Amino acid sequence: MKKFWDAHVHLFPERIFKAIWRWFAQAGWEIPFANWELEQYVAYLQKMGMERAFLLTYAHKPDISLELNRWVREVCQQYSQFIPFACIHPLDTNLEEVIITKTGLSSHGFTRGMKARLSFCRNVFLVLYKFGII
């Protein structure tokens, strides 16, 4: 079996994942792997040949980024094949705390129905600039 690196794996804490699967079900999507346990997702990815993967979440509202990022860190400590990427929400009130301690960031604006506007993301860009990231 060929091994691969997956650059885009979304896993979430159980409570949030259940809400996501409900949303998809209400939209008429039938997803065969909905409502699996975390261990089932990991085993499935490994069975397909995943060697490493970037683990991504997204904050659908302000000020849950740190909680999600802590969860990602715990999962990556348990499953070393995952590389942690932190999520960020442009309206997080603790942007510096969220940004400074991370390997990489993802901000899935589209999933929150947000348009990519410089004015909306200004605070994120200012913090990234302050720490020499951009």
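In full-length UniProt numbering, the protein residues as written are 1 to 134. Even for Gly, the Cβ is constructed at its ideal location relative to N, Cα and C. Given the structure is predicted, the values throughout are model-derived calculations rather than measurements.
Limits of the unbroken beta strand (DSSP E) element including residue i
| i | result |
| --- | --- |
| M50 | M50 to L56 |
| P84 | F82 to P84 |
As assigned by DSSP and simplified to three states, the class of residue i
| i | result |
| --- | --- |
| W23 | helix |
| C17 | Residue identity differs from the one stated: residue 17 is Phe in this sequence, not Cys. Helix at F17. |
| A7 | strand |
| F33 | coil |
| F12 | coil |
| A59 | coil |
| K47 | helix |
Start-to-end residues for the alpha helix (DSSP H) that takes in residue i
| i | result |
| --- | --- |
| W71 | S65 to Q78 |
Which listed residue (the options) has its alpha carbon closest to that of residue i
| i | options | result |
| --- | --- | --- |
| H8 | A59, K130, A53 and V75 | A53 |
| L56 | I16, L128, Q46 and L11 | L11 |
| Y79 | C87, E39 and N69 | E39 |
| I99 | R70, Q81 and V75 | R70 |
| L66 | T93, L45 and R22 | T93 |
| L95 | L126, K3 and I83 | L126 |
| W36 | E14, M50, G28 and G49 | E14 |
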